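Trainee: In the numbering used here, the protein residues as written are 523 to 858. All residues carry an ideal CB built from backbone N, CA and C; glycine is no exception. Just so it is clear, the structure is predicted and the values come from calculations on it, not from any experiment.
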Amino acid sequence: MRLARVSHRPNLNYRYRVLNSSVPNAFALPGGYIVINRGLLVGLSSEAEAAAVLGHETGHVTAKHSLAGYQRALAANVLVTGVVVAAGGRAGVQELSGITASLLENGFSRDQEREADWLGIDYMVKAGYNPEGAVRLQEYFYRELEGGKNPLFLEGLFRTHPFSKERLDNARARIAERYPETVKNPNLTFNETIFRQKTARLREVQKAYEIADGGDKLFKEKRYDEALAKYREAARMEPGQAPFHSSAGRIHLVRKEYGPAETELRRALDLDGESFEPRFLMGSLRYERREFRAAIPELERSMELYPTKQAAAMLSKSYEALGDAANAKKYSEMAK
Numbered sequence: 523m524r525l526a527r528v529s530h531r532p533n534l535n536y537r538y539r540v541l542n543s544s545v546p547n548a549f550a551l552p553g554g555y556i557v558i559n560r561g562l563l564v565g566l567s568s569e570a571e572a573a574a575v576l577g578h579e580t581g582h583v584t585a586k587h588s589l590a591g592y593q594r595a596l597a598a599n600v601l602v603t604g605v606v607v608a609a610g611g612r613a614g615v616q617e618l619s620g621i622t623a624s625l626l627e628n629g630f631s632r633d634q635e636r637e638a639d640w641l642g643i644d645y646m647v648k649a650g651y652n653p654e655g656a657v658r659l660q661e662y663f664y665r666e667l668e669g670g671k672n673p674l675f676l677e678g679l680f681r682t683h684p685f686s687k688e689r690l691d692n693a694r695a696r697i698a699e700r701y702p703e704t705v706k707n708p709n710l711t712f713n714e715t716i717f718r719q720k721t722a723r724l725r726e727v728q729k730a731y732e733i734a735d736g737g738d739k740l741f742k743e744k745r746y747d748e749a750l751a752k753y754r755e756a757a758r759m760e761p762g763q764a765p766f767h768s769s770a771g772r773i774h775l776v777r778k779e780y781g782p783a784e785t786e787l788r789r790a791l792d793l794d795g796e797s798f799e800p801r802f803l804m805g806s807l808r809y810e811r812r813e814f815r816a817a818i819p820e821l822e823r824s825m826e827l828y829p830t831k832q833a834a835a836m837l838s839k840s841y842e843a844l845g846d847a848a849n850a851k852k853y854s855e856m857a858k
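1) Do the stretch 562-582 and the stretch 535-553 touch if we need at least three Cβ pairs shorter than 8 Å?
2) Quick one: grab the DSSP three-state call for Y538.
3) Could you name the residues of the same chain whose beta carbon sits closer than 8 Å to that of Y809, not counting the 5 residues immediately before and after it, in chain order?
4) Rounded to whole angstroms, what is the Cα-Cα separation between Y536 and H587?
5) Quick check: the Cα distance between L626 and L844, rounded to an integer number of angstroms?
6) For a test of the three-state rule: what should DSSP assign to T830, helix, strand or coil?
7) First and last residue of the beta strand (DSSP E) that includes A751?
8) Tell me, please, whether the stretch 567-587 touches the stretch 524-535 by the rule of three or more beta-carbon pairs shorter than 8 Å.
9) Compute the Euclidean distance between the alpha carbons of A693 and I716, then round it to the nearest angstrom.
10) Can you tell me whether DSSP reads A656 as helix, strand or coil?
11) Looking at A764: is its Cβ nearer than 7 Å to the Cβ of A790?
12) Less than 7 Å between C-beta atoms, sequence neighbours within five positions excluded: which residues of the same chain meet that for L750?
13) For a test of the three-state rule: what should DSSP assign to L566, helix, strand or coil?
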């Protein structure tokens with residue numbers, strides 16, 4: 523990643539990931555993980571705007587903003603920070619949403635946001651992007667803040683990253699002061715056409731995910747019939763999206779309808795075998811049916827994708843039931 527190479531900490535092992543969440547947000551985790559949510563990515567118009575987002579988050583990492591707060595929040599939610607953003611399923615989204623929510627009490631200050639903005643602009647220019655992309659990004663945020671068209675912005679980005687028109691003005695001033703001629707450089711890119719082409723599929727499936735998001739809300743309210751109808755509607759619109767089948771399987775599992783649950787989860791795994799949620803739920807299904815030997819590989823794979831205390835606890839009890847005291851103890855320690 524060009525932004526990482528030109529940052530103040532180029533030797534850090536950066537990992538840039540897209541999180542399958544409709545909430546517009548982006549955030550950085552210790553160890554060089556930079557995450558941008560699908561819900562933010564689909565609203566951007568160019569690669570330069572995306573670089574402004576990722577450059578800003580890279581700035582938080584290089585400046586070591588709120589590192590202690592991140593570590594405390596992660597310790598309360600996951601066992602291993604290193605693979606947290608690899609989770610592809612919606613359960614992983616929910617876990618990460620919980621992590622970012624728990625960070626709000628230790629959210630970035632306006633000074634930290636300003637520093638990250640400035641560092642991001644510097645990194646953009648060094649990486650070959652037109653810094654005007656940062657201004658366009660801030661203008662986009664300002665329109666969303668003023669218009670209030672997408673309430674998810676208030677739930678996501680604007681809660682974790684305080685925004686005001688001052689940030690837009692500061693971005694303009696920074697570029698005018700440091701890069702007055704750079705914005706005219708034809709060799710610095712926006713890459714609008716290529717970016718739109720590469721993100722077209724994300725926009726195509728957005729409507730289906732909005733329907734599934736409605737199902738998630740109904741699920742939290744325990745309105746399972748209505749939630750299941752939403753997931754099925756989303757799956758009819760986009761049958762190749764594993765999360766819709768996984769979410770339907772989750773409802774069947776809650777109801778202890780094991781046959782339909784297995785059908786939906788198997789479909790999800792056929793579509794995306796590297797997704798955390800259907801793997802974890804399949805392990806949970808096997809565990810609930812006391813099929814401990816079959817549960818173990820599913821749960822262990824889920825731990826590789828996204829380690830959770832729930833999976834560790836089920837693994838401990840599964841190994842205990844099979845008479846494997848050593849592994850039972852190992853996972854019991856992880857579940858604490």
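Mentor: Per the coordinate set shown:
1) In short, these stretches touch, since the Cβ pair count reaches three.
2) strand
3) A817, L821, M836, K839, S840
4) 16 Å
5) Low local confidence applies: a pLDDT of 42 at L626 is under 50, so the model's placement there is unreliable, and no value is given.
6) In the structure shown, T830 sits in coil (DSSP, three-state: anything other than H, G, I, E or B).
7) Counting along the chain, A751 falls outside any beta strand (DSSP E), though it belongs to the alpha helix (DSSP H) covering 746-759.
8) yes
9) 25 Å
10) helix
11) yes
12) A770, I773
13) coil
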